[in-house]
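For the protein sequence lines, the chains are A and B, in the order given.
For what it's worth, this note's numbering labels the leading residue of the first sequence as 413, then goes sequentially.
For what it's worth, this note's numbering labels the leading residue of the second sequence as 413, then goes sequentially.
We treat Cβ as the ideally placed atom computed from N, Cα and C, and that holds for glycine.
There are 2 protein chains.
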Amino acid sequence: MGNLVNVAVDGMGGDNAPGEIVKGAVDAVKVNDGVKVYLTGTKETIEAELGKYEYPRDRVEVVPTTEIIEMGESPVMAIRKKRDSSLVVALNLVKDGKCDAFVSAGSTGAVLAGGQLLVGRIRGVERPPLAPLIPNAHGVSLLVDCGANVDARATHLVQFAKMGSAYMKYAMGVDDPRVALLNIGTEEEKGNALVKETYPLLKASTDINFIGSIEAREIPEGAADVIVCDAFAGNIALKMYEGVAKVLLSKMKEVMMQNLKTKLGALLIKDSLKKTLKDFDATQYGGAPLLGLKGLVVKTHGSAKAGEVRNSIIQCITFKEQDVNGKIKQYLDL
Amino acid sequence: MGNLVNVAVDGMGGDNAPGEIVKGAVDAVKVNDGVKVYLTGTKETIEAELGKYEYPRDRVEVVPTTEIIEMGESPVMAIRKKRDSSLVVALNLVKDGKCDAFVSAGSTGAVLAGGQLLVGRIRGVERPPLAPLIPNAHGVSLLVDCGANVDARATHLVQFAKMGSAYMKYAMGVDDPRVALLNIGTEEEKGNALVKETYPLLKASTDINFIGSIEAREIPEGAADVIVCDAFAGNIALKMYEGVAKVLLSKMKEVMMQNLKTKLGALLIKDSLKKTLKDFDATQYGGAPLLGLKGLVVKTHGSAKAGEVRNSIIQCITFKEQDVNGKIKQYLDL
């Protein structure tokens, strides 16, 4: 039991809490022997949800809390004032070394602020970026940074490139990950002031596999494994990716439900379609890690269901087993 | 004949020039009586292409040129040195007042540089933005700016909002167009330095219908008619939009061609699917106008086929008839 990976899960965060969060936690300990979950939240509510399932009881522990951070609250204020919230208590389990990792579907702002204020940065890391994995035509890439730290500096982006390389290599098993700078053209002289300042610094970094600039259109094609950008650009790329996919797929659904003929057609391609759509489902990879903190902090979608929560918990195992934080320090020469 | 709209078309620019460009020009004059096209390019080549079609000969005029600007060239240098290129000669037709509008599928950089250097800005316009139309779930929105002018200032973005409103209202017939600021959250305090500085200025502009910030994911949903951003952010949003759509549609095609069963299914939904995909085809609206110049300059995709070229030429008619440039001056108080 000494080798268990301990994951603190915010039981009350997200649109589908606590039902889907608890189900995800139960599923995780059922499919993987090596993980123990500490579920924070209102005791009766969490226990009522747990009561619905059969699972190894010694690997799910309820940590009772009395407060909940809501989506609209000011993140920093909420972290400071609601000391007994499910989110703060779960983060403190990581801070105190009782847990290795933290997973929440709660407010992004509160997770980012809480991660930095409570778990804390690795000494030498200037900014911890939020790094979601996004599926592409051939696999998955890491988009660093999509967090709340806008107006980044070139030195931040260089650290993002290194932390992203460590994550893709050791947590995702990508050999010699290709790092690209998100830009509006591939020529070296293109870009805004930040990109122009960052480009030569990345080019000079011998410890990463920098392949130059890429345009946003190349991301879904799978042109790079780690895509480096400031959080404003990253957020736009990520949200546009999600928005277009959502609208196109809902239009496809409309097409297929249009009449009897199209419904029959839909029936014939259904199985084949499902498999393809699954490849493009970001939730299969779990949540987005906040890189460069002393422990692992993972943010899942606010709308996360049990499957995404389970995958996010499982994701923490590789992170610990591969000592990704140790590798991040090596990459950053810390 | 005095009321003809005269459009200068760069016959040699783009991946499919001159074949598709010439065909698009011929199609335009055939479907619309009110337009005359001046086709610039190598005389023999253009005439050989024209020889393939029947069309009203008095409304297509060949303007012979001897040089071509290639995709890789430095835009400003190319404009200055290649005075007898198809692009420069066509722009000069607008500058000299012989033509009302210019259409090219050539190098974006050269079109942007040439538009500013040769046609020139309306006095008082700080920066002419490139403003592509992108289809959404309910119609189409204008994304201003997607050009080459990165590192914009707040006052530029306010002008973009006004010029974009004039364009959507008078060229596209959208009543009281909703203007939004592209941001990473909808709260007023969110965003990078540029967005924070721009927000109150837009809020204070009484002549536009400013609805606040939107996230990129809301663009394909159709949350705004005019989306204002700096060219770096706009370029990322636009290219990601195009990239995701391309990859998803090609995956759908793979799904449908997988085996006999799926091929039969595809056959049944084909008609219904085609109609929906047409709604999402940006080329139906023509090219992207470069707003704020003394004449109309339109950039089509480098890969434009005859249909997009034709639509871009037709688009110029409304622009002139509705006196969009006059309206832009009104909106900007010039």
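Measure from the C-beta of residue 545 of chain A to each C-beta in chain B and report whether the shortest distance is under 7 Å.
-> False, the Cβ-Cβ gap to chain B never drops below 7 Å.
Selected residue, minimal CA-CA separation from residue 495 of chain B, among B/479, B/423, B/640 and B/442 | Taking only the C-alpha atoms, the option nearest residue 495 of chain B is B/479.
Would you check if the segment 669-682 of chain A and the segment 681-688 of chain B touch, i.e. whether three or more CB-CB distances between them fall below 8 Å?
-> Using a Cβ-Cβ distance cut-off of 8 Å, the segment 681-688 of chain B and the segment 669-682 of chain A are in contact, since at least three pairs of beta carbons, one from each stretch, lie closer than that value.
Residue 551 of chain B - DSSP class collapsed to helix/strand/coil | Of the three classes helix, strand and coil, the one that applies to residue 551 of chain B here is coil, per DSSP.
Close beta carbons around residue 635 of chain B, own chain, < 6 Å, minus the five adjacent residues each side = Only 626 meet the Cβ criterion.
Measure the Cβ-Cβ separation of residue 722 of chain A and residue 440 of chain A and say whether it is below 7 Å.
-> Yes; because the gap between Cβ atoms is below 7 Å, this pair is in contact.
Please determine if the segment 693-709 of chain A and the segment 425-438 of chain A are in contact, where contact requires at least 3 C-beta pairs separated by less than 8 Å.
-> Here the segment 693-709 of chain A makes no contact with the segment 425-438 of chain A; the two share fewer than three CB pairs at distances below 8 Å.
Using a Cβ-Cβ cut-off of 6 Å (strictly less than) and excluding sequence neighbours within five positions of residue 702 of chain A, which residues of its own chain qualify?
-> Cβ neighbours of residue 702 of chain A beyond the five flanking positions: 527, 540, 542 and 709.
7 Å Cβ cutoff met for residue 591 of chain A and residue 537 of chain A | Contact: no.
Quick one: grab the DSSP three-state call for residue 413 of chain A.
-> With a pLDDT of 46 at residue 413 of chain A, under the threshold of 50, the predicted position of this residue should be treated as unreliable, and no value is reported.
Neighbour flag for residue 476 of chain B against chain A, beta carbons, 7 Å = Chain A places no beta carbon closer than 7 Å to that of residue 476 of chain B, leaving this residue out of the contacts.
Could you check what DSSP says for residue 515 of chain B in three-state terms: helix, strand or coil?
-> Residue state, collapsed to three classes: strand.
For residue 708 of chain B, the residue or residues it bridges with in DSSP | DSSP, once it has assigned bridges, lists B/513 as partnering residue 708 of chain B.
Proximal residues to residue 667 of chain B (C-beta, below 8 Å), its chain only, five neighbours per side dropped | Scanning its chain for C-beta atoms nearer than 8 Å, with the 5 sequence neighbours on each side dropped, one finds around residue 667 of chain B the residues 674, in chain order.
Taking a cut of 7 Å between CB atoms, which residues from the segment 560-590 of chain A lie near chain B?
-> Under the 7 Å Cβ criterion, the segment 560-590 of chain A contributes 562 and 563.
Which whole-angstrom value is the C-beta distance of residue 652 of chain B and residue 649 of chain A, which I expect to be below 8 Å?
-> With 8 Å as the limit, residue 652 of chain B and residue 649 of chain A qualify as a contact, their Cβ atoms being about 5 Å apart.
What's the C-alpha gap between residue 510 of chain A and residue 688 of chain A?
-> Their Cα atoms are separated by approximately 40 Å.
Would DSSP call residue 423 of chain B helix, strand or coil?
-> Residue 423 of chain B falls in the coil class under three-state DSSP.
Taking C-alpha atoms, which residue in B/549, B/548, B/547 and B/575 lies nearest to residue 556 of chain B?
-> The residue with the shortest Cα to Cα distance from residue 556 of chain B is B/575.
Whole-angstrom C-beta distance between residue 517 of chain B and residue 425 of chain B, which should lie under 8 Å = For residue 425 of chain B against residue 517 of chain B, the beta-carbon gap comes to about 5 Å, under 8 Å, which counts as contact.
Can you round the beta-carbon distance between residue 725 of chain A and residue 437 of chain A to whole angstroms, since I take them to be within the 8 Å contact cut?
-> With a contact defined as Cβ atoms closer than 8 Å, residue 725 of chain A and residue 437 of chain A qualify at about 7 Å.
Measuring only between beta-carbons, confirm whether residue 654 of chain A sits less than 7 Å from chain B.
-> Yes, residue 654 of chain A lies at the interface with chain B (some Cβ there is under 7 Å from its Cβ).
In chain B, which residues lie less than 7 Å from residue 489 of chain A when you measure between Cβ atoms?
-> Those within 7 Å of residue 489 of chain A in chain B number zero; the least Cβ separation is about 13 Å.
Which word fits residue 715 of chain B, buried or exposed, when buried means at least 16 other C-beta atoms lie within 10 angstroms of its C-beta?
-> Classification of residue 715 of chain B: exposed, given that the 10 Å Cβ count is below 16.
What do you get for residue 492 of chain A, buried or exposed, if any count of 16 or more other CB atoms within 10 angstroms of its CB means buried?
-> By the Cβ-count criterion, residue 492 of chain A is exposed, with fewer than 16 other Cβ atoms from all chains shown falling within 10 Å of its own Cβ.
Just to confirm, are residue 727 of chain B and residue 698 of chain B a CB contact at a threshold of 7 Å?
-> Taking 7 Å as the Cβ cut-off, residue 727 of chain B and residue 698 of chain B qualify as a contacting pair.
Taking 7 Å as the CB-CB limit, is residue 413 of chain B close to chain A?
-> Note on residue 413 of chain B: pLDDT 46, under 50, position unreliable in the model; the coordinate value appears next. So, not an interface residue.
Return the residues of the segment 673-706 of chain A that lie within a Cβ-Cβ distance of less than 9 Å from chain B, sorted by chain order.
-> If the cut-off is 9 Å between Cβ atoms, the segment 673-706 of chain A has 673, 674, 675, 676, 677, 678, 679, 680, 681, 682, 683, 684, 685, 687, 688, 689, 691 and 692 near chain B.
Hey, how far is the Cα of residue 569 of chain B from the Cα of residue 559 of chain B?
-> Rounded to whole angstroms, residue 569 of chain B to residue 559 of chain B spans 13 Å at the Cα level.
Listed by chain order, chain B residues near residue 659 of chain A by CB distance under 8 Å = Chain B residues near residue 659 of chain A: 548, 549, 632 and 633.
Does residue 466 of chain A get closer than 7 Å to chain B when you measure Cβ to Cβ?
-> With 7 Å as the cut-off, residue 466 of chain A does not count as an interface residue toward chain B.
May I ask you to report which of helix, strand or coil DSSP gives residue 573 of chain B?
-> In this structure, residue 573 of chain B counts as helix in the three-state DSSP scheme.
Residue 545 of chain B to residue 454 of chain A span [Cα, whole Å] | Those two C-alpha atoms are separated by around 49 Å.
Return the residue from the list A/499, A/640 and A/459 that minimises the CA-CA distance to residue 564 of chain A.
-> For the residues A/499, A/640 and A/459, the minimum Cα distance to residue 564 of chain A belongs to A/640.
Cβ pair residue 421 of chain A, residue 462 of chain A closer than 7 Å = Residue 421 of chain A is not a Cβ neighbour of residue 462 of chain A, given a cutoff of 7 Å.
Name, going along the chain, the residues of the segment 615-629 of chain B whose beta-carbon falls closer than 7 Å to a beta-carbon of chain A.
-> Sequence-ordered contacts of the segment 615-629 of chain B with chain A read 627, 628 and 629 [C-beta pairs closer than 7 Å].
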